[in-house]
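Protein sequences appear in the order of chains F and H.
Residue numbers for the first sequence follow our numbering, so the first one is 1 and each next one is one higher.
Residue numbers for the second sequence follow our numbering, so the first one is 342 and each next one is one higher.
Glycine is no exception: its CB is placed at the ideal position from the N, C-alpha and C atoms.
There are 2 protein chains.
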Amino acid sequence: MTDDPAARPRRGSAATIYDVAELAGVSASTVSRALSKPGRISASTEQRIRAAAEQLNFRVNPIARALHTGRSSTLALVVADITNPVIFGIVRGAEQAASAAGYTLVIAESQESDATEAEAIERLMPSVDGMILATSRLADDRIVDIASRKAAVLINRAVDGIDSVLLDVDEGVQQLISHLSDLGHRSIAYLSGPDRSWISERRWDGLLGAAEERGMALVEIGPNAPTILGGREALRRVRAARARAVVAFNDLIAIGLMQAAAEQGLEVPTDLSVAGFDDIFGSELIVPPLTTVRAPLVSAGERAVQILLHRLGAAAPPLDSGLLDTRLIVRGSTGQAPPPS
Amino acid sequence: MTDDPAARPRRGSAATIYDVAELAGVSASTVSRALSKPGRISASTEQRIRAAAEQLNFRVNPIARALHTGRSSTLALVVADITNPVIFGIVRGAEQAASAAGYTLVIAESQESDATEAEAIERLMPSVDGMILATSRLADDRIVDIASRKAAVLINRAVDGIDSVLLDVDEGVQQLISHLSDLGHRSIAYLSGPDRSWISERRWDGLLGAAEERGMALVEIGPNAPTILGGREALRRVRAARARAVVAFNDLIAIGLMQAAAEQGLEVPTDLSVAGFDDIFGSELIVPPLTTVRAPLVSAGERAVQILLHRLGAAAPPLDSGLLDTRLIVRGSTGQAPPPS
DNA sequence: TTGTAGGCGTTATCAG
DNA sequence: CTGATAACGCCTACAA
Numbered sequence: 001m002t003d004d005p006a007a008r009p010r011r012g013s014a015a016t017i018y019d020v021a022e023l024a025g026v027s028a029s030t031v032s033r034a035l036s037k038p039g040r041i042s043a044s045t046e047q048r049i050r051a052a053a054e055q056l057n058f059r060v061n062p063i064a065r066a067l068h069t070g071r072s073s074t075l076a077l078v079v080a081d082i083t084n085p086v087i088f089g090i091v092r093g094a095e096q097a098a099s100a101a102g103y104t105l106v107i108a109e110s111q112e113s114d115a116t117e118a119e120a121i122e123r124l125m126p127s128v129d130g131m132i133l134a135t136s137r138l139a140d141d142r143i144v145d146i147a148s149r150k151a152a153v154l155i156n157r158a159v160d161g162i163d164s165v166l167l168d169v170d171e172g173v174q175q176l177i178s179h180l181s182d183l184g185h186r187s188i189a190y191l192s193g194p195d196r197s198w199i200s201e202r203r204w205d206g207l208l209g210a211a212e213e214r215g216m217a218l219v220e221i222g223p224n225a226p227t228i229l230g231g232r233e234a235l236r237r238v239r240a241a242r243a244r245a246v247v248a249f250n251d252l253i254a255i256g257l258m259q260a261a262a263e264q265g266l267e268v269p270t271d272l273s274v275a276g277f278d279d280i281f282g283s284e285l286i287v288p289p290l291t292t293v294r295a296p297l298v299s300a301g302e303r304a305v306q307i308l309l310h311r312l313g314a315a316a317p318p319l320d321s322g323l324l325d326t327r328l329i330v331r332g333s334t335g336q337a338p339p340p341s
Numbered sequence: 342m343t344d345d346p347a348a349r350p351r352r353g354s355a356a357t358i359y360d361v362a363e364l365a366g367v368s369a370s371t372v373s374r375a376l377s378k379p380g381r382i383s384a385s386t387e388q389r390i391r392a393a394a395e396q397l398n399f400r401v402n403p404i405a406r407a408l409h410t411g412r413s414s415t416l417a418l419v420v421a422d423i424t425n426p427v428i429f430g431i432v433r434g435a436e437q438a439a440s441a442a443g444y445t446l447v448i449a450e451s452q453e454s455d456a457t458e459a460e461a462i463e464r465l466m467p468s469v470d471g472m473i474l475a476t477s478r479l480a481d482d483r484i485v486d487i488a489s490r491k492a493a494v495l496i497n498r499a500v501d502g503i504d505s506v507l508l509d510v511d512e513g514v515q516q517l518i519s520h521l522s523d524l525g526h527r528s529i530a531y532l533s534g535p536d537r538s539w540i541s542e543r544r545w546d547g548l549l550g551a552a553e554e555r556g557m558a559l560v561e562i563g564p565n566a567p568t569i570l571g572g573r574e575a576l577r578r579v580r581a582a583r584a585r586a587v588v589a590f591n592d593l594i595a596i597g598l599m600q601a602a603a604e605q606g607l608e609v610p611t612d613l614s615v616a617g618f619d620d621i622f623g624s625e626l627i628v629p630p631l632t633t634v635r636a637p638l639v640s641a642g643e644r645a646v647q648i649l650l651h652r653l654g655a656a657a658p659p660l661d662s663g664l665l666d667t668r669l670i671v672r673g674s675t676g677q678a679p680p681p682s
């Protein structure tokens, strides 16, 4: 006696399993089973259900599923600054790995502020299955706390007991120092990154060790904002230090330094050798092209997702679980040390 | 007679409004009200509820809320290629505007494939409140279909009846053509973008109009992949065409062309003037720095989000609703036309 | 193999 | 102003 609404979902909104069930003449739970665990259901009904779902253009509602299962098939990637080209590679790698596994990636930017970062994390926490912290400004204990509540993986930072994707800085740093040494440099200035940046300190440590080995002098100039502007502003102190070879925390700083140097008539690499880290887009575009320690950023993003998926039981562990290699890319910004004056 | 579990939520998982309610000695619905619409509740109970929520470290579960309200406070941004620097600005603007409004941004990459794009959209559709299609490869009718099911806004593409953020190409193009004309160029080659790219055709149309006005010759060379490699591969045809002034679909193509030209001993801008579109990161880094038509990408991303939020009733309409201005940035890659031979 | 009956955490409706 | 109660769409014991 009621009219038959089976052929279409109610009022414009998306079809539900009930609509499909009605059309296929089965119960909603059967539909649910047919769609989520194929094979555990009679072939003929499964056939009918699939046809009905198709006809209704049905999609499971990930939100409803997530509410019940507690898993949203969503991963969060938290970064300090989206405009930093270092992030691009990580984002790309993570996005590809995530979507290949049927996961969605949400991106949050902390804008270099730990308060903003903490807030973004809290906000995202209930709706993601895991978090990737790519350039966290958070203190170790905050990170431990986060990881205790949700699967988490760090990129380029180590905290005891927390999964992380680490780069083998030493490898590239050794190559870099040896390269500069070969060019006759005996003294190096390191333009450090932001204060309390874990990765900046790792790079500094690596440089320190490598410089000591070769009896080279090393001074630190910083902290510097990890941006082109940060590099430009560092020139003054570089000149004051009479540095002839500068290693910057990242390529952005190196590029800024080179720009400012050029404006003041300083020749790179004749008067000043400059090297960076990361090998971002743009590093080989500038003149002279930048000598830099390349980091496999895309792989880092990929691996972070793989680790997370493995932790979530949604994938096999990453094939290769060691450190990611870094290596020196020699281009034109480093040259022979000027003769001692 | 039962033990009192009020002080902590059950077994490790996050606290719910019931936990808060129990601790505060009120009902769950009161908690819900107190937290979502402050003021509509007695000050004292609201006080107590807030304290209890605080103590339990309670966060509303966005998934549960979304299931009931049908709104997830999430926006999707669909792009063709994350590695394309044009996207960076859009992502940044969109992310900032979204998170400022308490919205989450999810990013999906279609990898230049319309099938992948359609799939990503279908997958995201049920769990977002709106979609931004930034570089869609989809046909008009598919887009219309999507927009009929979910709030949608296009960037850099117009489809009848669909909201979009458009750039005033003509403005920048006029300036560019007039600039080249002033330099004595009478003939221009346009390196077009991907086949069926809406924006490439708009740029072509603009160039055509401006060139006609000035009686300049214009030829199209393409289609080209919108990448550095695409630009490199175009050099051969540029030489064959004896072009002295080239306008590339985007900066990436322009940069690739300049690289290849330099390798073959062609001087820019002496032998060849090159200009691009977008003013991406890197355009002013290369040598000579690239003359380009700047697009306000960050603003485009911002405005797309604003439009969406307005459509969703979550914000006021964008203050300025006209076309976004583009304008010529003259740098070193364009120069005097060589004397007629 | 299939159906029934909760329940996931929240909000909205409707009484009180 | 506050408290029951019923959805939201899906999944999963438990029954049949």
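Q) Looking only at C-alpha atoms, which of Ala134/F, Ile90/F and Gly102/F sits nearest to serine 110/F? A) Serine 110/F has its Cα closest to that of Ala134/F, out of Ala134/F, Ile90/F and Gly102/F.
Q) Do you know how far the Cα of serine 13/F is from the Cα of isoleucine 49/F? A) Between the alpha carbons of isoleucine 49/F and serine 13/F lies a distance of about 20 Å.
Q | Residue range of the unbroken beta strand (DSSP E) whose run includes arginine 635/H | A | Unbroken beta strand (DSSP E) run through arginine 635/H: 632-635.
Q: Rounded to whole angstroms, what's the CA-CA distance from alanine 558/H to alanine 582/H? Just pull it up for me.
A: In this structure, the CA atom of alanine 558/H is about 12 Å from the CA atom of alanine 582/H.
Q. Once you ignore the five residues that flank arginine 237/F on each side, which residues in its own chain have a CB closer than 7 Å to its CB?
A. Excluding residues within five positions, the ones whose Cβ falls inside 7 Å are Ile221.
Q.
If we define contact as Cβ-Cβ less than 9 Å, is asparagine 250/F a contact residue for chain H?
A. Closer than 9 Å to the CB of asparagine 250/F there is not a single CB belonging to chain H.
Q | Exposed unless 16 or more other CB atoms sit within 10 angstroms - verdict on leucine 660/H | A | Exposed: under 16 other Cβ atoms inside 10 Å.
Q) Residue range of the alpha helix (DSSP H) that methionine 258/F falls in? A) Where methionine 258/F is concerned, the enclosing alpha helix (DSSP H) stretches over 251-263.
Q: Could you tell me which chain F residues have their CB closer than 9 Å to the CB of asparagine 402/H, listed as they occur along the chain?
A: Chain F residues near asparagine 402/H: Leu67, Pro126 and Ser127.
Q: Use the C-beta contact count for valine 671/H: other C-beta atoms within 10 angstroms, 16 or more gives buried, fewer gives exposed.
A: By the C-beta density criterion, valine 671/H is exposed, having fewer than 16 other C-beta atoms within 10 angstroms.
**Q.** glycine 606/H at chain F interface by Cβ criterion, 9 Å
**A.** Judged by the 9 Å Cβ criterion, glycine 606/H is not in contact with chain F.
Q | Burial state of aspartate 470/H (16 or more Cβ within 10 Å) | A | Answer is buried; the Cβ neighbour count reaches 16.
Q) Quick one: which chain F residues come within Cβ less than 7 Å of arginine 433/H? A) Within chain F, the residues near arginine 433/H are Ile82 and Thr83.
Q.
Between which residues of its own chain and alanine 316/F is the CB-CB distance below 7 Å, once the five residues before and five after are set aside?
A. Here the set comprises His310.
Q. How is leucine 328/F classed by DSSP in three states: helix, strand or coil?
A. Leucine 328/F falls in the strand class under three-state DSSP.
Q: Please classify serine 181/F: is it buried, with 16 or more other beta-carbons within 10 angstroms of its beta-carbon, or exposed?
A: Classification of serine 181/F: buried, given that the 10 Å Cβ count is 16 or more.
Q.
Using 8 Å for Cβ pairs, my map puts alanine 300/F next to valine 165/F. What's the rounded Cβ distance?
A. Rounded to whole angstroms, the Cβ separation of alanine 300/F and valine 165/F is 5 Å, and the two are in contact under 8 Å.
Q: Thinking isoleucine 63/F and leucine 408/H are a contact (beta carbons under 8 Å), I'd like their distance in whole angstroms, please.
A: Indeed, because the Cβ distance is near 5 Å, the residues count as touching under 8 Å.
Q.
Taking the straight line between their C-alpha atoms, what separation do you get for serine 325/F and arginine 294/F?
A. Note that residue 325/F is aspartate in the sequence shown here, rather than serine. If I take the Cα positions, the gap works out to 9 Å.
Q | Span separating the alpha-carbon of glutamine 677/H from that of alanine 210/F | A | Inter-residue distance for glutamine 677/H and alanine 210/F is about 51 Å (C-alpha atoms, whole angstroms).
**Q.** Cβ neighbours of valine 60/F in the same chain (closer than 7 Å, five flanking residues each side left out)
**A.** Around valine 60/F, the same chain offers Leu35 as residues with beta carbons nearer than 7 Å, after the five sequence neighbours per side are excluded.
Q) Is the Cβ-Cβ distance between glycine 282/F and glycine 256/F less than 9 Å? A) No, the pair does not count as a contact, with Cβ atoms beyond the cut-off.
Q: Could you have a look at serine 18/F and say whether DSSP puts it in helix, strand or coil?
A: Residue identity check: residue 18/F is tyrosine in the sequence provided, not serine. Helix.
Q: Can you tell me which of Ala417/H, Arg433/H, Ser373/H and Ala394/H puts its alpha carbon nearest to the alpha carbon of threonine 83/F?
A: That would be Arg433/H, whose Cα lies nearest to the Cα of threonine 83/F.
Q) Counting only beta-carbon atoms, is leucine 626/H nearer than 9 Å to chain F? A) Interface residue, yes.
Q. Chain F beta carbons: is any one of them nearer than 9 Å to that of leucine 548/H?
A. No, because no Cβ of chain F sits closer than 9 Å to the Cβ of leucine 548/H.
Q: Consult DSSP for threonine 415/H and reduce its assignment to one of helix, strand or coil.
A: DSSP places threonine 415/H in strand when its eight states are reduced to three.
Q. Does serine 377/H come within less than 9 Å of chain F when only Cβ atoms are used?
A. Under the Cβ criterion of 9 Å, serine 377/H is not counted among the residues facing chain F.
Q) So who's on the other strand from glycine 276/F, going by DSSP bridges? A) According to DSSP, glycine 276/F bridges with Thr292/F.
**Q.** Whole-number beta carbon distance between isoleucine 132/F and aspartate 308/F, since they are thought to touch under 8 Å
**A.** A small correction: the amino acid at residue 308/F is leucine; aspartate does not occupy that position in the sequence shown. Their Cβ separation, rounded to whole angstroms, is 7 Å, which keeps leucine 308/F and isoleucine 132/F in contact under 8 Å.
Q: Count the other CB atoms, across all protein chains shown, that sit within 10 Å of the CB of glycine 89/F; report buried if there are 16 or more and exposed otherwise.
A: Flag for glycine 89/F reads buried.
Q. Hey, would you say phenylalanine 249/F sits closer than 9 Å to serine 187/F, going by beta carbons?
A. In this structure, phenylalanine 249/F lies away from serine 187/F, with their beta-carbon atoms at least 9 Å apart.
Q.
Counting only Cβ pairs nearer than 8 Å, list the residues of chain H close to phenylalanine 277/F.
A. Chain H residues near phenylalanine 277/F: none, gap ~17 Å exceeds 8 Å.
Q.
Please classify aspartate 482/H as buried or exposed, where buried requires at least 16 neighbouring CB atoms within 10 angstroms.
A. The residue is exposed, with fewer than 16 neighbouring Cβ atoms inside 10 Å.
Q.
Measuring only from the beta carbon, is serine 148/F closer than 8 Å to any heavy atom that is part of the ligand GTP?
A. Among the components modelled here there is no ligand, and therefore nothing to report on the ligand GTP.
Q) Is there a Cβ from chain F that is less than 9 Å from the Cβ of alanine 558/H? A) Look at alanine 558/H: its C-beta is not under 9 Å from any C-beta on chain F.
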